[in-house]
Amino acid sequence: MQITMEDHIAVVGAGAMGRGIAQVAACAGHPVTVIDLEPAALARAQAALDAALADLTQKGRIAEAEARAISGRIRWSDSLSAAAGSALVIEAIVERLEVKRAVFAELGAHVGRETVLASNTSSLSISQLAAAVPAPERFLGLHFFNPAPAMKLVEVIAGEATSPAVATAASTLMRAWGKHPVAVADLPGFIVNRVARPFYAEAFVALEEGLAPALIDAALKSAGGFRMGPLTLADFIGHDVNYAAASTVFEGLQPNVRFRPQPFQARLVEQGLLGRKTGAGVYDSRVEQAPAAVIEGLAGADIRLPEDLSDLGVLAEAPGRREPALPAGVIAVDGVLAAVGDGRPLSQRPGVDILIDHVRSLAAAPILVMTVRQPSDEPAAARLAGALGKQLLLVPDRPGQIVLRTLAQIANGAVDALRDGVADAAGIDEAMLFGANYPEGPLAWARRIGPRFLEQTLANIAEATGDALYAPSAGWASL
Ligand code: NAI
438 MQITMEDHIA VVGAGAMGRG IAQVAACAGH PVTVIDLEPA ALARAQAALD
488 AALADLTQKG RIAEAEARAI SGRIRWSDSL SAAAGSALVI EAIVERLEVK
538 RAVFAELGAH VGRETVLASN TSSLSISQLA AAVPAPERFL GLHFFNPAPA
588 MKLVEVIAGE ATSPAVATAA STLMRAWGKH PVAVADLPGF IVNRVARPFY
638 AEAFVALEEG LAPALIDAAL KSAGGFRMGP LTLADFIGHD VNYAAASTVF
688 EGLQPNVRFR PQPFQARLVE QGLLGRKTGA GVYDSRVEQA PAAVIEGLAG
738 ADIRLPEDLS DLGVLAEAPG RREPALPAGV IAVDGVLAAV GDGRPLSQRP
788 GVDILIDHVR SLAAAPILVM TVRQPSDEPA AARLAGALGK QLLLVPDRPG
838 QIVLRTLAQI ANGAVDALRD GVADAAGIDE AMLFGANYPE GPLAWARRIG
888 PRFLEQTLAN IAEATGDALY APSAGWASL
């Protein structure tokens, strides 16, 4: 089977997602019908879509005539009967099983058995939804990301009854729409909503310990290479939405404790501090935020590197003379020993006075994150940063610091997902690149810096924290 550009596409639900999906389909050339129960929602969606097309025209991405043609390909309706004749119907209504089921049952009366029906659900089981669909072999999940016109990923979820030919045709169509489809099993959170959980959770754990939000965000953005800090991003998404996603994945994957929702975020939701949409969340957008306390790097350090550079990661690029007596993973800065973090806190690293957090790319990171044993070690840390042309961010002593701990736990969840058969390794990495804008796929990242190192890091964090949340996945053995 094949869906062509001449085929009609219907989108049910004219909210944020439905409108974005309609725009993508119409830009690709399809005649599109957008259906919503609420005439006001249709009017809002039409205005938003016109504004989006005007923006594209202004930026020179499309010609005015093309914008008019795209707009002219979209019809708006408040009746499901308008889906008749469509080759594909994508449902993007409220996230409630019984409401979605009722819509699919009614759609069955309007479209033929040859029509492919899809749901954009973020959290409901495709196989459970399929029970309401007249031809479950032609039903699947097409999970777009917000904003749909900008985000490349579409998770393509086959339910128990979905015909492989339908899943293949849907993936081919998504490619024709300029999207990056990834085949995903029908398991809670699919890929992105599951694998991304520790990115947020670890930030809330650090907040609970009293670390400043700006410090946490700056560390992950600068040394981690993430486009946005987790707390800024969670404020942007909305804590109600983000906490609900955490709870759904946690409940769906019981008794796995890896995805325990974080009490700090629960309290934000209880207090109505939902983020941007309420004006305040972790950050209060109405008052100017103090930036993270970055320390300028200092010049003039005498740096010695060990003979064996293998445990230094990207810090092996540091300029310095070789000192054969230094153990692997240790750098001497004016005689002060600095070591690369391995999950153990500095308090458990005898002989070491500076602990260096993970840096994804030395070239790309403007700031290095370190922990010092005592204030008198700070100048040595600043000189090490300065020798590498970087600024310095100091974090309190905690197992795994910030960047390594977050990365290790994201990779741990990705390894779990691989082991559970959520998707293949390439699919998991592509989903995080195209659906969450990660700087690197978590499995490729883990392979690059060493699966054994990360597995041991997790074991060290689990031991130091006494928290089973960090227990290494059984899947590490196969990475
Ligand atoms: P939304 O609340 O912005 O829009 C939902 C629309 O559906 C509303 O306009 C509402 O009037 C309409 N609607 C509700 N019941 C209906 C019915 N019975 N028949 C026709 N229209 C009906 O929701 P949003 O954010 O666009 O989400 C829609 C779906 O997409 C949900 O399943 C959600 O889980 C999923 N999703 C949301 C993402 C997001 O970031 N917002 C990302 C990916 C998926």
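Letter by letter, the sequence shown follows residues 438 to 916 in the working numbering.
Idealized CB from N, CA, C, for every residue including glycine.
What you are looking at is a predicted structure, and each value in this text was computed from that prediction instead of being measured.
Residue i vs residue j beta-carbon contact at 9 Å
i           : j           : result
residue 960 : residue 632 : Because residue 960 is not part of the residues shown, which for the chain are 438 to 916, the question remains open.
residue 566 : residue 556 : yes
residue 473 : residue 452 : yes
residue 621 : residue 580 : yes
residue 446 : residue 516 : no
residue 775 : residue 818 : yes
residue 569 : residue 539 : yes
residue 825 : residue 806 : no
residue 878 : residue 866 : yes
residue 799 : residue 849 : no
residue 841 : residue 912 : no
residue 649 : residue 796 : no
residue 576 : residue 561 : no
Residue i, buried or exposed, once every other Cβ within 10 Å from all chains shown has been counted against 16
i           : result
residue 756 : exposed
residue 626 : buried
residue 646 : exposed
residue 869 : buried
residue 475 : exposed
residue 910 : buried
residue 739 : exposed
residue 611 : buried
residue 915 : exposed
residue 803 : exposed
residue 629 : buried
residue 615 : exposed
residue 764 : exposed
residue 784 : exposed
residue 812 : exposed
residue 937 : One cannot answer for residue 937 here, as it falls past the ends of the chain, which runs 438 to 916.
Range covered by the alpha helix (DSSP H) that runs through residue i
i           : result
residue 683 : 676-689
residue 902 : 888-902
residue 611 : 601-613
residue 547 : 534-547
residue 475 : Careful: residue 475 lies outside any alpha helix (DSSP H) and carries neither H nor E.
residue 635 : 634-645
residue 821 : 815-824
residue 706 : 700-707
residue 742 : Counting along the chain, residue 742 falls outside any alpha helix (DSSP H), though it belongs to the beta strand (DSSP E) covering 740-742.
residue 870 : 862-873
Other residues of its chain near residue i: CB distance less than 6 Å, five sequence neighbours each side excluded
i           : result
residue 448 : 455, 458, 459, 471, 527
residue 672 : 712, 713, 718, 719, 720
residue 652 : 729
residue 543 : 517
residue 597 : 564
N- and C-terminal bounds of the beta strand (DSSP E) containing residue i
i           : result
residue 838 : Looking at the DSSP string, residue 838 is not in any beta strand (DSSP E), and its letter there is neither H nor E.
residue 398 : It is not possible to answer for residue 398, since the shown part of the chain is limited to 438 through 916.
residue 828 : 828-831
residue 556 : 553-556
residue 467 : Run containing residue 467: none; DSSP gives neither H nor E here.
residue 581 : 576-581
residue 776 : 773-777
residue 618 : 617-621
residue 592 : 590-595
residue 657 : No beta strand (DSSP E) contains residue 657, which is instead part of the alpha helix (DSSP H) from 650-659.
residue 804 : 804-809
residue 528 : 525-528
residue 793 : 791-793
residue 768 : 767-770
residue 440 : Residue 440 -> no beta strand (DSSP E), and no H or E assigned at all.
Sequence-distant residues of the same chain with beta carbon closer than 7 Å to residue i, five excluded per side
i           : result
residue 709 : 715
residue 735 : 816, 819, 820, 823
residue 839 : 643, 653, 656, 657, 794, 806, 832
residue 546 : none
residue 499 : 493
Integer Cβ distance of residue i from residue j, believed to fall under 8 Å
i           : j           : result
residue 791 : residue 809 : 5 Å
residue 837 : residue 894 : 6 Å
residue 634 : residue 683 : 6 Å
residue 594 : residue 525 : 15 Å between Cβ atoms; not a contact.
residue 507 : residue 479 : Going by Cβ atoms, the distance from residue 507 to residue 479 rounds to 17 Å, so no, they are not a contact pair.
residue 617 : residue 871 : 5 Å
residue 605 : residue 574 : That pair is no contact at about 13 Å.
residue 529 : residue 548 : Between residue 548 and residue 529 the Cβ distance is about 16 Å, and since that is not below 8 Å, they are no contact.
Residues near residue i by beta carbon distance below 8 Å, same chain, minus five either side
i           : result
residue 814 : 773, 790, 791
residue 905 : 694, 899
residue 465 : 442, 613, 614, 615
residue 733 : 819, 823, 828, 829
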